[in-house]
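In numbering that gives the first Met the number 0, the protein residues as written are 0 to 253. Okay, so here's the structure we're looking at.
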Amino acid sequence: MKKTVFITGATSGIGQATARRLAREKYDLLLTGRRNERLEVLKNELEQISGSRVLTLCFDIRKLTELQAAVDSLPSEWQTIDVLVNNAGLALGLAPLHEGAIEDWECMIDTNVKGLLYATRILSPRMVARKSGHIVNVCSISGKGVYPNGAVYCATKHAVDAITTGMRMDFLPYGIRVTQVCPGAVETEFSMVRFHGDKSRADKVYEGFQPLTPEDVAEAICYAISQPAHVNVQDITILPTAQANVSMFHKTTR
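Pasting the structure below:
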């Protein structure tokens, strides 16, 4: 039987790559995000290259009422969601705490922590009722360490790590699998968003080494959810070969 996968933050980066990877495996896909035009372009692309059904939902994950309304609007044939991929997330700013922008902190907390909680709270009760389901939380190596000037972003990912651990306990009696994927440096729009569109600054993040691609992470997600029901891949940490931990890289100069 085909599984239906609900992906948050599907308009770019890891979310978009995951949608493409899962479409190759013929999963039915519920793609969500804030940028409707991008969602529709991706939907059309996937429908042409795969046999997957694709439905898009445009909303802001930070706004519980928008998320609830979107889920409530689902046609009956889309209401059984087998896999939730909590992917939506971002970093904003790179500054010491005494200089950080509070609005950046609020956006990161609202997206990375509250958005994940909202999606889980709304979609998991049906999994509990069926005693079946899989939740994949896209965390970060920043959830396992801290680097200078990134305290708040790292804190949001530490929160995801703790929430994921709690999910495994809470959902254990119901046969719901919970996977956490912790990527290191991935070349996406991440740094452009972090530096508010400063491309030269964003490009420097990936200089001197080969970062992961979104497709690398999507492959890990696909692997986890394709395992049989009795197998739960709990935690995947995936780093570039040139990255040792959250802040240590081996970079070469040309």
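Beta carbons are placed, not taken as given, at the ideal position from N, Cα and C, and that holds for glycine.
N- and C-terminal bounds of the alpha helix (DSSP H) containing residue i
| i | result |
| --- | --- |
| Cys106 | 101-107 |
| Phe58 | Here Phe58 belongs to no alpha helix (DSSP H), and DSSP marks it neither H nor E. |
Cα-Cα separation between residue i and residue j, rounded to whole angstroms
| i | j | result |
| --- | --- | --- |
| Thr164 | Ser51 | 32 Å |
| Thr17 | Leu28 | 10 Å |
| Met166 | Ile220 | 18 Å |
| Ile175 | Gln226 | 13 Å |
| Thr55 | Pro95 | 38 Å |
| Lys143 | Leu83 | 22 Å |
| Arg120 | Glu65 | 14 Å |
| Leu41 | Leu30 | 9 Å |
| Tyr205 | Leu93 | 16 Å |
| Asp202 | Gly183 | 16 Å |
| Glu102 | Val192 | 14 Å |
| Pro124 | Leu115 | 15 Å |
| Ala150 | Glu76 | 43 Å |
| Ile13 | Pro172 | 30 Å |
| Tyr26 | Glu188 | 26 Å |
| His97 | Asn148 | 10 Å |
| Val145 | Lys1 | 40 Å |
| Trp104 | Ser139 | 17 Å |
| Leu45 | Ile224 | 19 Å |
| Gln247 | Pro210 | Sequence inspection shows Met at residue 247; the Gln mentioned does not correspond to that position. Using only the alpha carbons, I get a separation of about 13 Å. |
| Val127 | Phe170 | 7 Å |
| Arg129 | Gly99 | 44 Å |
| Val230 | Thr252 | 43 Å |
| Lys198 | Ser190 | 8 Å |
| Leu21 | Gln47 | 14 Å |
| Val53 | Tyr222 | 21 Å |
Simplified DSSP state of residue i, which is helix, strand or coil
| i | result |
| --- | --- |
| Pro182 | strand |
| Cys153 | helix |
| Gly132 | strand |
| Arg167 | helix |
| Val137 | strand |
| Val145 | coil |
| Arg176 | strand |
For residue j and residue i, believed in contact at Cβ under 8 Å, the rounded distance
| i | j | result |
| --- | --- | --- |
| Cys181 | Thr236 | 5 Å |
| Ala118 | Met107 | That belief does not hold up - the Cβ atoms of Ala118 and Met107 are roughly 16 Å apart, past 8 Å. |
| Asp234 | Gln179 | 5 Å |
| Thr155 | Asn111 | 4 Å |
| Asp81 | Gly32 | With a Cβ gap of about 20 Å, Asp81 and Gly32 do not count as contacting. |
| Ala69 | Leu38 | Going by Cβ atoms, the distance from Ala69 to Leu38 rounds to 12 Å, so no, they are not a contact pair. |
| Ala241 | Phe208 | 4 Å |
| Val245 | Thr212 | Val245 to Thr212, Cβ: 19 Å. No contact. |
Continuous beta strand (DSSP E) stretch holding residue i: start and end
| i | result |
| --- | --- |
| Gly14 | No beta strand (DSSP E) holds Gly14; the alpha helix (DSSP H) holding it covers 12-23. |
| Leu30 | 27-32 |
| Leu38 | Not the beta strand (DSSP E): Leu38 falls in the alpha helix (DSSP H), residues 35-48. |
| Phe189 | Counting along the chain, Phe189 falls outside any beta strand (DSSP E), though it belongs to the alpha helix (DSSP H) covering 189-193. |
| Asn86 | Here Asn86 belongs to no beta strand (DSSP E), and DSSP marks it neither H nor E. |
| Ile6 | 3-6 |
Subject >> Start-end ranges of the beta strand (DSSP E) lying completely within the stretch 201-253, minimum 3 residues >> reply: Secondary structure in the stretch 201-253: the beta strand (DSSP E) runs of 3 residues or longer, each lying completely within the stretch, are 234-237 in chain order.
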